[in-house]
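Novice: Here the UniProt record's numbering is used: position 322 in the sequence shown is 322, and no number is missing along the way.
Beta carbons: idealized from backbone N, C-alpha and C, even for Gly.
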Amino acid sequence: TMTSFPLKIQTLIPEKKKKATLAHSDLQKWGLRGIQLRSYQLDGVQWLTQCLKNQQGCILGDEMGLGKTCQTISLLLYVAGALGGKGPFLVLSPLSVLENWRSEMERIAPSLTVLCYKGDKERRAEIQRDADNLNFHVLLTTYELCLKDASFLRKWKWRVLVVDEAHRLKNQNSLLHKTLTEFSVGFRVLLTGTPIQNNLQEVYSLLNFIQPSLFPADETEHFVTSYSNVQNQPALELQGVLEPFLLRRIKSQVAADLPKKMELVVYHGMSALQKKYYKAILMKDVEAFGNEQGNKTRLLNILMQLRKCVDHPYLFDGVEPEPFEMGEHLIEASGKLCLLDSLLAHLHNGGHRILLFSQMTRMLDILQDYMEYRGKQRSRSPCVHLYICSSVHRTR
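#1: Please classify Leu-115: does DSSP put it in a helix, a strand, or coil?
#2: Check whether the segment 210-219 and the segment 76-96 touch, using three or more Cβ-Cβ pairs below 8 angstroms as the test.
#3: Contact defined as beta carbons within less than 8 angstroms: I believe Leu-169 pairs with Leu-139. What is the distance between those atoms, to the nearest angstrom?
#4: In terms of residue numbering, what span does the beta strand (DSSP E) encompassing Gly-186 cover?
#5: Kindly identify the DSSP beta-bridge partner or partners of Gly-57.
#6: Does the beta-carbon distance from Phe-187 to Gly-57 come in below 8 angstroms?
#7: Let me confirm a value: Lys-68 is counted as buried when at least 16 other C-beta atoms fall within 10 Å, else exposed. Which label applies?
#8: Let's test the definition: count the other Cβ atoms within 10 Å of the Cβ of Ser-205 and tell me whether it reaches 16, buried, or not, exposed.
#9: Measure the beta-carbon distance from Val-189 to Leu-337 and round it to whole angstroms, keeping in mind my assumption that it falls under 8 angstroms.
#10: Check the DSSP bridge columns for Val-319 and list the partner residues they point to.
#11: With C-beta atoms as the reference, is Ser-271 less than 8 angstroms away from Ser-174?
#12: Pull the bridge partners of Val-138 from the DSSP assignment, please.
#13: State buried or exposed for Gln-41, treating a residue as buried only when at least 16 other CB atoms are found within 10 Å of its CB.
#14: Out of curiosity, what's the CA-to-CA distance linking Lys-155 and Gly-61?
#15: Taking the beta strand (DSSP E) that Arg-159 falls in, what are its first and last residues?
#16: Give the secondary structure of Leu-247 by DSSP, where H, G and I count as helix, E and B as strand, and everything else as coil.
#17: Look at Leu-247 and Gly-44 and say whether their C-beta atoms are less than 8 angstroms apart.
#18: Short of 6 angstroms in beta carbon distance, which residues of its chain neighbour Arg-107, apart from the five on each side in sequence? Order them along the chain.
#19: Just tell me which of Arg-374, Pro-14 and Gln-36 has its CA closest to the CA of Trp-47.
#20: Just how far apart, CA to CA, sit Phe-209 and Gly-81?
#21: Quick check on Ala-324: does DSSP put it in helix, strand or coil?
#22: DSSP state of Thr-194, grouped into three classes?
#23: Using the three-state DSSP reduction, which class does Thr-1 fall into: helix, strand or coil?
#24: Can the beta-carbon of Lys-111 be found less than 8 angstroms from the beta-carbon of Gly-31?
#25: Might you give, ordered along the chain, the residues of its own chain that have their beta carbon closer than 7 angstroms to the beta carbon of Gln-201, omitting 5 neighbours on each side?
#26: Got a sec, what are the start and stop residues for the alpha helix (DSSP H) Leu-344 sits in?
#27: By alpha-carbon positions, which one of Thr-113, Leu-27 and Arg-38 ends up nearest to Leu-83?
#28: First and last residue of the alpha helix (DSSP H) that includes Leu-356?
#29: Does the beta-carbon of Gly-351 have 16 or more other beta-carbons within 10 angstroms, so that it is buried, or is it exposed?
#30: Roughly how many whole angstroms lie between the Cα atoms of Asp-285 and Asn-295?
#31: Specify the secondary structure class of Ile-13 as computed by DSSP and reduced to three states.
#32: Consult DSSP for Met-304 and reduce its assignment to one of helix, strand or coil.
#33: With a threshold of 6 angstroms on Cβ separation, who are the neighbours of Val-392 within its own chain once the five nearest residues in sequence on each side are excluded?
#34: If you run the structure through DSSP and keep just helix, strand and coil, what is Tyr-314?
#35: Just the C-alpha distance for Arg-362 and Leu-315, rounded to the nearest angstrom, thanks.
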């Protein structure tokens, strides 16, 4: 019957304490450095530690940007520090955020030794040959390499397994789901920023992965049938079933804990080169502005050319002087880059971290050239930068 799931949970999973008894000073004692956790993050770490005591696994489903990474690293410090467990811990993530995991651990948990398991076949074979001498708390790798080298990674009894972007496990018949189920794991933590309640089959797949004793694979259909009638009681009951295993906070819920967003628009003049091209673009299509029936597409094209011009004139072919060597001309050619150059120097000296956005990928290329040029000049404290670009390929 439908009540079988809540009843099993009630019998086997103790209720969690609502009030956080975990202090920031405790985490510092166990090795947390360089970060002050917000109160909702401390609550999250406490929730994770309670899950660790009573369950086989859990899902941390906080909205993107609320610090799932630092809460998870704090849990690993708790296991290593408070429980005296050396691990080992296995962290799986997409390749795009692997470096972020590595640098965050280095920054906030320097006491944890991290082995970044990546590279070509030869490099990985080298690590495998040295397996008996490997001394690490955390092994960090990608899903793809985990699948390729599952037989090697299966050698360890993992104290904690962390799967970032865990919606990759939403199909219990997938190779990743089946492979990881065969690993020897003490506790499983799944991280996902996307809501999971929308598809009951996918929800059950995740529940089956973290708590197979309560959610066996052969009861998928029973679960889906029980909770598919969302108009009545089942939706409320589903929340009760998920509550011990899923913690999800969204930004609006923890808004008091987050600093207010401040938006500051800074105006800056154009360089002489930009003014020259700006005027040329306008003069070339001057008649387009006088026509009441003006061609909208043509005007939008002019607007795009002007936008390119005010970003950087080198976005136009043939403008950058040959022989295309890096130099101050890259900065002096654009008023925006001149301003950015002085802003970044000030922020970098203050120890800030910065996100730069542009809708034009070619502008990001110019910014990357600029970073590398400035980095070589400031070799004592170069700017470390990561370039993330999302390209969409159209299919015909």
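Specialist: Put simply:
#1: Numbered from its first residue, the sequence shown carries residue 115 at position 115. Here Leu-115 sits in strand by DSSP.
#2: Taking a cut-off of 8 angstroms for Cβ pairs, the segment 210-219 and the segment 76-96 do not touch, as fewer than three such pairs fall below it.
#3: Walking along the sequence shown from the start, residue 169 turns up at place 169. Walking along the sequence shown from the start, residue 139 turns up at place 139. No, Leu-169 and Leu-139 are not in contact; Cβ-Cβ is about 19 angstroms, not under 8 angstroms.
#4: Along the sequence shown, read from residue 1 onward, the residue named residue 186 stands at position 186. Run containing Gly-186: 184-191, per the beta strand (DSSP E) assignment.
#5: Sequence index remark: in the sequence shown, residue 57 carries index 57 (1-based). In the DSSP output, where bridge partners are listed per residue, Gly-57 has Arg-188.
#6: Translated into the one-based positions of the sequence shown, residue 187 becomes position 187. Translated into the one-based positions of the sequence shown, residue 57 becomes position 57. Contact: yes.
#7: Residue mapping note: residue 68 aligns to position 68 of the sequence shown, counting from 1. Around the beta-carbon of Lys-68, 16 or more other beta-carbon atoms lie within 10 Å, marking it buried.
#8: Position 205 of the sequence shown, counted from the start, is the residue given in the question as residue 205. With 16 or more other CB atoms across the displayed protein chains lying within 10 angstroms of its CB, Ser-205 is buried.
#9: Locating residue 189 in the sequence shown gives position 189, counting from the first residue. Locating residue 337 in the sequence shown gives position 337, counting from the first residue. About 42 angstroms separates the two Cβ atoms, so there is no contact after all.
#10: Counting from one through the sequence shown, the residue named residue 319 turns up at place 319. Val-319 pairs with nothing; no bridge assigned.
#11: By 1-based counting over the sequence shown, the position of residue 271 is 271. By 1-based counting over the sequence shown, the position of residue 174 is 174. No. Outside cutoff.
#12: Translated into positions along the sequence shown, residue 138 becomes position 138. Paired residues: Phe-89 and Val-114.
#13: Within the sequence shown, residue 41 is the residue found at index 41, counting from 1. That one is buried.
#14: Translated into positions along the sequence shown, residue 155 becomes position 155. Translated into positions along the sequence shown, residue 61 becomes position 61. When rounded, the distance between both Cα atoms is 29 angstroms.
#15: Walking along the sequence shown from the start, residue 159 turns up at place 159. First-last of the beta strand (DSSP E) with Arg-159: 157-163.
#16: On the sequence shown, position 247 is the one that residue 247 refers to. Looking at Leu-247 - three-state DSSP - the assignment turns out to be strand.
#17: For this step, residue 247 is matched to residue 247 along the sequence shown. For this step, residue 44 is matched to residue 44 along the sequence shown. Result yes, Cβ atoms of Leu-247 and Gly-44 sit closer than 8 angstroms.
#18: The count along the sequence shown starts at 1 and reaches residue 107 at position 107. Non-local C-beta neighbours of Arg-107 in its own chain, meaning closer than 6 angstroms and more than five positions away in sequence, comprise Gly-34, ordered along the chain.
#19: As a working note, residue 47 is residue 47 in the sequence shown. Closest by alpha carbon: Pro-14.
#20: Working through the sequence shown from its first residue, we reach residue 209 at position 209. Working through the sequence shown from its first residue, we reach residue 81 at position 81. Phe-209 and Gly-81: Cα-Cα distance of roughly 27 angstroms.
#21: The residue labelled residue 324 in the question sits at position 324 within the sequence shown. It should be noted that the sequence gives Phe, not Ala, for residue 324. Three-state DSSP puts Phe-324 in coil, outside helix and strand.
#22: Numbered from its first residue, the sequence shown carries residue 194 at position 194. Note: Thr-194 maps to coil in three-state DSSP.
#23: The residue you call residue 1 lines up with position 1 of the sequence shown. Annotation note: pLDDT 46 at Thr-1 (below 50); position unreliable, no value reported.
#24: The count along the sequence shown starts at 1 and reaches residue 111 at position 111. The count along the sequence shown starts at 1 and reaches residue 31 at position 31. In the sequence as displayed, the identity of residue 111 is Ser instead of Lys. Taking 8 angstroms as the cut-off, the Cβ atoms of Ser-111 and Gly-31 count as close.
#25: Locating residue 201 in the sequence shown gives position 201, counting from the first residue. If we look at Gln-201 and ignore the five residues flanking it on each side, its Cβ neighbours are Thr-220 and Val-224.
#26: In the sequence shown, the residue the question calls residue 344 occupies position 344. Segment 335-349, the alpha helix (DSSP H) holding Leu-344.
#27: Taking the first residue of the sequence shown as 1, we reach residue 83 at position 83. Ranking Thr-113, Leu-27 and Arg-38 by Cα distance to Leu-83 puts Leu-27 first.
#28: To locate residue 356, count along the sequence shown from 1; it is residue 356. Leu-356 -> no alpha helix (DSSP H), and no H or E assigned at all.
#29: For the purposes of this step, residue 351 is taken as residue 351 along the sequence shown, with counting starting at 1. Under this definition Gly-351 is an exposed residue.
#30: For this step, residue 285 is matched to residue 285 along the sequence shown. For this step, residue 295 is matched to residue 295 along the sequence shown. Cα-Cα distance, rounded: 11 angstroms.
#31: Reading the sequence shown from its first residue, position 13 is the one you call residue 13. In this structure, Ile-13 counts as coil in the three-state DSSP scheme.
#32: Your numbering for residue 304 matches position 304 in the sequence shown. Met-304 falls in the helix class under three-state DSSP.
#33: Here residue 392 corresponds to residue number 392 of the sequence shown, with the count starting at 1. Only weak support is given to the placement of Val-392: the predicted model assigns it a pLDDT of 43, under 50, and the value that follows is read from those uncertain coordinates. The answer is none, since no qualifying residue turns up.
#34: Here the question's residue 314 lines up with position 314 in the sequence shown. In the structure shown, Tyr-314 sits in a helix (DSSP, three-state: H, G or I).
#35: Taking the first residue of the sequence shown as position 1, residue 362 is located at position 362. Taking the first residue of the sequence shown as position 1, residue 315 is located at position 315. Rounded to whole angstroms, Arg-362 to Leu-315 spans 7 angstroms at the Cα level.
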